[in-house]
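Taking it in order: structure first as structure tokens, then the write-up.
Residue numbers (the numbering used here), protein chains in the order written: chain A, 1 to 573; chain B, 1001 to 1036.
Right under this line is the structure:
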């Protein structure tokens, strides 16, 4: 980072925040503050939805994931357009007709206040913790690689979000997200073209893509089904449809994005735009990761991308073992590079036999390279260094810092900051809305004037903001907290979606049946999760959403019939 | 509410969105096979 980078980073963030606050002057009512005067057009809603879902980890981890495992992760999004169509056709019209502020408000009209409080409470618990991870996860990577203080990074990231969300409410969140998405997409496109220009002169773009394919990085679609493999087309289409129905249909941080649309039509188009935009966007980010993999076949990569961990191990008793592995890695790289150049040459001849032979040799060396990396990782763990984050999370940011020109480094850091802030802002905004509308206005202070609720929502925005900062700063005190938060989120998602689907599609099921069904389902889902944890079962967590959802619907209908039968018996006797 | 321009109904528009998605998946499959 030099002065130019700092200027670009600071200037970009200041412009985005200034624009957001300037565009949202004149907030007078609670509706202005929480629903943004309901004036947004479809493209702002669409970009806002994309920006809310795409956090900094999307841009840090996804290229690293393709670098390590290939592009199969793209299938995870195959259920997205299906979920968006269901939401546009079924969910949004009802939310609009009832003029709700939160998704949980709708549940009270169907099932009574207990179900509303239960779902809103679960949202506050899981999203409040998840928001802390949204800030912490990129902060730990940036602080480690840039040498910044972790708490200062968290404070700047979170503090800026609190500042503009508190002043401008929902509309400031949407307006800044539009600018943030433009910065993010511009930064990623520039990084991609610079990467291509850095490939060796004698390697064309087509050669690079073919090399990525021959080394197994371009398997986007996989038809082989297994319950414990989360990246195949069946899990992608069926499992992720349920996940995205839950996330976009019942999570207030997303629902609030499209409730602030100018009309039902604008909201629907915004959601459908997200459905069609997200799959190609993930494909491009993964493809960037696959190209970084090819780049590092010609340019020697570090044996471990997390440089801070490497510096630490060199000061321990394991330094000699580490340097032996480093030498093995260097030798392996040189052999692999020669084999790769040979593969590129024989690919031009079109001789299948020779191509297969060269590919087999290369893949053997490639798996040796993997073994060396595994040994390095085990050595670092053995030496007691806590790396906090997967090494593949450091692949993209290491590439940016080492190979991009000054100025663009600042821009790419602005991309990471923007992505983290856009997600956190939606989460903070939604937490404050659900607290104000579902708890404060519904349960504590029912008949106050609008100015009172406007002040209260600002107060809750500030309060949740401070809580998120405190959570984020204390994450590093607990081991495996990130995984725990993600699990907590996914354990409740299916059940909550089930409650909503019963509300929309099964009009005869009442509040008591659905409430009891939700409790029973949650016990079953947690049992399945525990059995998976102790390897009694083997099931990808994506399926838990679908199982939870189907169980709530089935049990609620069964209970409703039982309640009706017993009522009929009582009446007849 | 009025469907988007050139579409007669929302249902037709949803069918269009899902068709585009299927085409994208087929392109991804072709991409996988092309470079395996």
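Cβ coordinates follow ideal geometry from the N, Cα and C atoms, glycine included. Note that this is a predicted model, so its numbers are computed, not measured.
At the C-beta level, residue 120/A and residue 104/A come within 8 Å of one another. Just so you know, the alpha carbons of residue 71/A and residue 1026/B end up roughly 15 Å apart. Under a criterion of Cβ atoms nearer than 8 Å, the residues of chain A adjacent to residue 1025/B are, in order, 78, 221, 233. A direct Cα-Cα distance of roughly 28 Å separates residue 139/A from residue 319/A. Separation of the CB atoms of residue 278/A and residue 80/A is rounded to 5 Å, and the pair is thereby assigned contact status at 8 Å. Only exposed fits residue 125/A, as fewer than 16 other CB atoms lie within 10 angstroms of its CB.
By the Cβ rule, the stretch 387-395 of chain A does not count as touching the stretch 243-259 of chain A, because fewer than three pairs are nearer than 8 Å. Across the set 443/A, 111/A, 131/A, 150/A, the C-alpha of 150/A shows the shortest separation from the C-alpha of residue 476/A. For residue 85/A, the chain B residues whose C-beta falls within less than 8 Å of its own C-beta are 1014, 1017, 1018, listed in chain order.
Closest option to residue 45/A, judged by alpha-carbon separation, among 351/A, 550/A, 257/A: 257/A. Chain order gives the chain A residues near residue 1004/B as 269, where near means a beta carbon separation below 7 Å.
For residue 40/A, the pairing in a beta bridge is given by DSSP as 261/A. Nearest Cα to residue 54/A within the set 238/A, 204/A, 86/A, 254/A: 254/A. In the three-state scheme derived from DSSP, where H, G and I count as helix and E and B as strand, residue 1/A is classed as coil. Within the stretch 110-122 of chain A, no residue has its Cβ closer than 8 Å to any Cβ of chain B. Residue 1007/B does not reach chain A, its nearest Cβ partner there being about 11 Å away, counting only Cβ pairs nearer than 7 Å. Remark: three or more beta-carbon pairs, one from each stretch, lie closer than 8 Å, so the stretch 6-24 of chain A and the stretch 164-180 of chain A are flagged as touching. For the 8 Å CB-CB criterion, residue 392/A and residue 61/A form a contact. Contact annotation: residue 336/A and residue 369/A have beta-carbon atoms nearer than 8 Å. Cβ-Cβ distances below 8 Å link residue 537/A to 528, 531 in the same chain, with the five nearest sequence neighbours on each side left out; the list follows chain order.
Rounded to the nearest angstrom, the Cβ distance from residue 1028/B to residue 74/A is 7 Å, consistent with a contact under 8 Å. With respect to residue 417/A, residue 288/A sits apart: the two C-beta atoms are not nearer than 8 Å. Our two residues, residue 27/A and residue 36/A, have alpha carbons roughly 8 Å apart in a direct line. The continuous stretches of alpha helix (DSSP H) do not include residue 299/A, and DSSP gives it neither H nor E. Going by DSSP, residue 190/A is part of the alpha helix (DSSP H) stretching over 150-197.
For residue 108/A, the enclosing alpha helix (DSSP H) has its first and last residue at 103-111. Around the beta carbon of residue 324/A, fewer than 16 other beta carbons sit within 10 angstroms, so the residue counts as exposed. When only Cα atoms are considered, residue 485/A and residue 399/A end up about 29 Å apart. Across the set 190/A, 264/A, 2/A, 113/A, the C-alpha of 264/A shows the shortest separation from the C-alpha of residue 92/A. In this structure, the beta-carbon distance from residue 146/A to residue 291/A does not fall below 8 Å. Residue 165/A holds the alpha-carbon nearest to the alpha-carbon of residue 464/A among 30/A, 40/A, 85/A, 165/A. The criterion of a C-beta distance shorter than 8 Å is not satisfied by residue 1014/B and residue 218/A. Within its own chain, no residue has a Cβ closer than 8 Å to the Cβ of residue 459/A once the five positions on either side in sequence are excluded.
Non-local beta-carbon contacts of residue 432/A in its own chain, meaning distances under 7 Å to residues more than five positions away in sequence, involve 457, 460, 461, 464 in chain order. Judged by DSSP secondary structure, residue 357/A falls within the alpha helix (DSSP H) whose first and last residues are 352-382.
Contact of residue 465/A with chain B by beta-carbon distance below 7 Å is absent, the smallest such distance being about 36 Å.
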